[in-house]
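For reference, the structure discussed in these notes is given below.
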Amino acid sequence: MSGEAIVFYVFAALTLGSAAVVVLSRTLIYSAFALLVTFFGVAALYVLLGADFLAATQLLVYVGGI
């Protein structure tokens, strides 16, 4: 297994785990911070795909909005 695949799986697990916390958390603050981590994970996946502009837009628009 290559290093890039391992990094992808780590970020995918981080994104899915934090998205589950967003859905399952009872407190709004925990949900908001987990959503922040989810957006960072999605931006990291965009960077791995080579879509740097999408990653930057993701961070500026969505993380900046929170």
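So for the sequence shown, the numbering used here puts the first residue at 89; every next one is plus one.
We treat Cβ as the ideally placed atom computed from N, Cα and C, and that holds for glycine.
- DSSP, reduced to helix, strand and coil, places THR103 within a helical segment of the structure shown.
- In this structure, ALA131 places its C-beta atom within 9 Å of the C-beta atom of ALA143.
- Here PHE96 is near LEU133, since their CB atoms are less than 9 Å apart.
- Ranked by how close their Cα comes to the Cα of TYR150, the residues LEU137, VAL125 and ALA139 have VAL125 in first place.
- Here SER113 carries a coil assignment [DSSP, helix/strand/coil].
- Membership of ALA143 in the alpha helix (DSSP H) is indicated by the continuous run 140-146.
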